[in-house]
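Novice: Encoded as C-alpha cells, here's the structure I'll be asking about.
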Amino acid sequence: MGFMDYFNKEKGEERKIAKLKKTATHMYVQAAERQFAIQQLRDVGTPEAIRAMLARFNENAPNTTTDAEEKEYTYHLLVELTKTSALNIPEIIIESLHKSEEKVNWRLRVLSDVLGYEEMARVVEELLAGCTTDYQRNPEKKQELILRAAEFKSDELARQVLRFLDDDNETLRFLAVDSAVAQQRDAMVEEPLKRRLVEEDSLRIVQKLAEIFADRPQWTFGADEREPLGKTLPAGYALHKDGYVYRTRK
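Spelled out as C-alpha cells, the structure:
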C-alpha cells in the first residue's frame, strides 16, 4: 500500500468515525440509529472510535428510559471490549475522565467493573488530585469522586478527600466528612475534622461532625480549643470537662 493509499484510508476512517459519532450523540434521531452507530464504532475499535462511544455518555435523550438503556448498552460494550481489544481501554477512559467536569458516572462504572481494588482506588485518587476546592457551577465530577472514594481505604485517598473539607460547596464538604471517616485513618483525619467542626457554619455538617465525635470519645479537644467548640455544638451534644463530645440525650 502506497503512502497516498494509506493516507486516504486513514482520512476515510476519520470521516466514518466523525459521522458515526454525530449519529450516536444526536438525541433526536431514532434510538435504533444511535444504537447501530455505537455498534459500528465498537467494530471500528480504534482509540478515536472508543472516544466517540464515550461521547454518548455526555448526552441525555429526551426519553429517560431510552437514555438509560442506551447508556447501559454502551457501558456493556465497553466492558466487553476491555476483554477482547488489544487497546488499553481503561487508559482511554481515564484520559477522558481527566478532561471531563461532568457526566462521569458511567465511565467510572466501566472502570469499576474492569479494574482491581488498588487500581481503582488509585484512579479515584488521581482524578481527585486534579480537582480544586474552588467554586464550580457544576461540581458533579467532584461529588461523584468523593462518593466513590468512600468505597476504598488508603492514605493517599484520605489526603485527597480531606482537601474537600474546605470546598466552597456545602454538599461537597458534607460528603467529604463521610468519605474521610470511611477511610478508617483516624490519625490522619482527626485534626482536620476538629478544625472543620469549629469553623463550619452549615448546621447539617456540624450535626454530622458532632455525631462522629460523640462516637469517638478518644478524640479529645485541648483546653484552648474548647471555648469556641462550646458555641458550635448543636442541641443534644455537649463537651465533657475531659475534652470529648458526648450526647446529652438518647
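Numbered according to our numbering, the sequence shown spans residues 136 to 385. C-beta: ideal position from N, C-alpha, C; glycine also.
What is the DSSP secondary structure of R382, reduced to helix, strand or coil?
Specialist: Looking at R382 - three-state DSSP - the assignment turns out to be strand.
Novice: Given that a residue counts as buried once 16 or more other Cβ atoms are within 10 Å of its Cβ, and exposed if not, what is Q319?
Specialist: Answer is exposed; the Cβ neighbour count stays below 16.
Novice: Along the chain, where does the alpha helix (DSSP H) containing L280 start, and where does it finish?
Specialist: E275 to A284 is the span of the alpha helix (DSSP H), which, as asked, contains L280.
Novice: How is A264 classed by DSSP in three states: helix, strand or coil?
Specialist: Three-state result, A264: helix.
Novice: DSSP three-state call for A373: helix, strand or coil?
Specialist: Three-state DSSP puts A373 in a strand.
Novice: Could you tell me the alpha carbon to alpha carbon distance between L374 and L189, rounded to whole angstroms?
Specialist: The straight-line gap from Cα to Cα measures roughly 52 Å.
Novice: If you scan the region 288 to 319 from start to end, which runs of the alpha helix (DSSP H) of 4 or more residues do you find wholly inside it?
Specialist: Complete alpha helix (DSSP H) runs here, min 4: 290 to 298 and 305 to 317.
Novice: Hey, out of P197, S220, F192 and T219, whose CA is closest to E207's CA?
Specialist: Minimum Cα distance to E207 is reached at F192.
Novice: Under a three-way DSSP split, which group does P182 fall into?
Specialist: Helix.
Novice: What does the alpha-carbon distance come out to for the pair L212 and K151?
Specialist: If I take the Cα positions, the gap works out to 19 Å.
Novice: Under a three-way DSSP split, which group does M162 fall into?
Specialist: Coil.
Novice: Does any CB atom of chain D fall closer than 9 Å to the CB of E286?
Specialist: In summary, chain D is missing from the structure at hand, where a single protein chain is found.
Novice: Below 6 Å CB to CB, which residues in the same chain sit around D202 once its five sequence neighbours on both sides are set aside?
Specialist: Once the five neighbours on either side are set aside, the close Cβ partners of D202 are N195 and A196.
Novice: What do you reckon, are the CB atoms on E260 and A284 nearer than 9 Å?
Specialist: Yes. Within cutoff.
Novice: With a threshold of 8 Å, are at least 3 pairs of Cβ atoms found where one atom belongs to the region 289 to 302 and the other to the region 313 to 327?
Specialist: Yes, the region 289 to 302 is in contact with the region 313 to 327.
Novice: Mind checking which residues open and close the alpha helix (DSSP H) that includes W241?
Specialist: Taken as a continuous stretch (DSSP letters only), the alpha helix (DSSP H) holding W241 covers N240 to V249.
Novice: Determine the direct distance from the alpha carbon of R169 to that of H161, and round the result to whole angstroms.
Specialist: Their Cα atoms are separated by approximately 7 Å.
Novice: Buried or exposed: which applies to D359, given that a residue is buried once 16 or more other Cβ atoms fall within 10 Å of its Cβ?
Specialist: Counting Cβ neighbours within 10 Å, D359 comes out exposed, since fewer than 16 surround it.
Novice: The alpha helix (DSSP H) that contains R351, what's its start and end?
Specialist: That residue, R351, is in no alpha helix (DSSP H); it is neither H nor E in DSSP.
Novice: From this set, K218, E205 and E230, which residue's C-alpha is nearest G180's C-alpha?
Specialist: The shortest Cα separation from G180 among K218, E205 and E230 belongs to K218.
Novice: What residues in its chain sit with their C-beta under 8 Å from that of Q342, if we drop five residues either side in the sequence?
Specialist: Correct list, in chain order: P369.
Novice: Excluding the 5 residues flanking R186 on each side, which residues of the same chain have their C-beta closer than 8 Å to its C-beta?
Specialist: Closer than 8 Å at Cβ, skipping near neighbours: I227 and S231.
Novice: Give the C-beta separation of G378 and T355 to the nearest angstrom, bearing in mind that I take them to be a contact with Cβ-Cβ under 8 Å.
Specialist: About 4 Å separates the two Cβ atoms, so the contact holds.
Novice: Rounding to the nearest angstrom, what Cα-Cα distance links A293 and E279 in this structure?
Specialist: Cα to Cα, A293 sits roughly 16 Å from E279.
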